[in-house]
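Visitor: Sharing a structure here in structure tokens format.
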Amino acid sequence: MALAKIKSTKTPATKSSISKGRKPKRFKPAYTPDEMVEIFRRFSVQRPEPKGELEHVNPFTLVVAVALSAQATDIGVNRATRELFKIADTPEKMLALGEDGVIAHIRTIGLYRNKAKNVIALCRMLIDEFGSEVPSTREDLVRLPGVGRKTANVVMSMAFGIPTLAVDTHVFRIGNRCLMAPGRTPDEVEEQFLKVIPDQYLFHAHHWLILHGRYTCKARKPECEHCVIADLCRSPEKTCPIPAPLVELPPQVIGV
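When we follow the numbering used here, the leftmost residue of the sequence shown carries the number 674, and every step to the right adds one.
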């Protein structure tokens with residue numbers, strides 16, 4: 674699949690910085706371009722074809738699954754949607770279930786009532802404005818109820834093959850902890866990552882970073898002894914400077 678080069682835009686100065694005559698803080702990369710190439714090269718060796726871990730059967734079920742995953746685990750969402758998607762894999766079928774029908778399947782997910790409401794509203798908009806098809810542009814996707822920039826980026830990448838970088842809690846943590854792309858908000862971290870991720874690795878970067886954060890650079894305590902970039906990492910929390918052996922990991926098992 675050909676990679677499209679994404680141009681990042683500069684974050685505009687805030688009103689407070691303008692009013693006080695201060696310039697916005699400039700991003701100073703902690704890694705050289707060669708080091709970033711090596712970091713993602715190692716990720717590519719470790720997981721040549723990384724995959725998202727949310728179960729789905731088409732773009733519609735993907736956008737629903739990603740929207741439901743906010744403040745929830747992929748495993749929990751998969752358990753809740755496994756039967757749901759068997760009977761409602763189109764906007765029309767989901768709409769026919771109604772909010773109560775959706776709730777009956779997703780009540781184990783946090784914020785399930787509001788999420789069920791958004792899913793039904795999302796279905797109505799897809800039917801009324803998009804001919805029941807999930808749009809492929811970020812501008813259209815973020816108009817859908819319950820769909821923010823992160824969800825839109827995931828759908829663009831996984832459903833339509835458009836290189837994007839969705840910043841979830843794992844990507845946000847790595848960007849700041851490892852000083853790769855520090856930022857106060859997901860949007861800032863996304864902007865900084867897009868400046869430093871080598872173009873040839875952008876398409877899979879989202880999944881590599883998520884999986885690295887989920888299984889190695891964990892939130893509570895990073896497992897540096899299992900990290901393939903431990904020698905390159907500049908995190909103040911690093912506990913081991915010796916990289917783990919660079920070997921291809923077993924294929925991902927989705928839906929367990």
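For glycine and all other residues, C-beta sits at the position ideal for the given N, C-alpha and C.
(1) Could you tell me if Tyr785 is buried or exposed, where buried requires 16 or more neighbouring beta carbons within 10 angstroms of its beta carbon?
(2) Hey, Val901 and Ala878 are a contact pair by Cβ (cut 8 Å); roughly how many whole angstroms apart?
(3) To the nearest angstrom, how far is it from the Cα of Phe753 to the Cα of Phe866?
(4) Just how far apart, CA to CA, sit Lys911 and Ala738?
(5) Tell me whether Leu884 sits in a helix, a strand or coil according to DSSP, three-state version.
(6) Ordered along the chain, which non-local residues of its own chain (more than five positions away) have a Cβ less than 6 Å from that of Ile847?
(7) If you run the structure through DSSP and keep just helix, strand and coil, what is Ser717?
(8) What ranges does the beta strand (DSSP E) occupy inside the segment 766–807, keeping only unbroken runs of at least 3 residues that lie completely in it?
(9) Would DSSP call Gly848 helix, strand or coil?
(10) From Leu919 to Ser830, what distance separates their C-alpha atoms?
(11) Indicate whether the contact test is met: 3 or more Cβ pairs, each with one atom in the segment 776–785 and one in the segment 717–731, closer than 8 Å.
(12) Mapping the DSSP letters down to three states, classify Ser638 as helix, strand or coil.
Guide: With the structure as the only source:
(1) buried
(2) That belief does not hold up - the Cβ atoms of Val901 and Ala878 are roughly 15 Å apart, past 8 Å.
(3) Going by the sequence as given, residue 753 is Ala instead of Phe. About 32 Å.
(4) 34 Å
(5) helix
(6) Leu882, Gly886, Cys890
(7) helix
(8) none
(9) helix
(10) 26 Å
(11) no
(12) Given a span of 674 to 929 for the chain in the structure shown, any question on residue 638 remains unanswerable.
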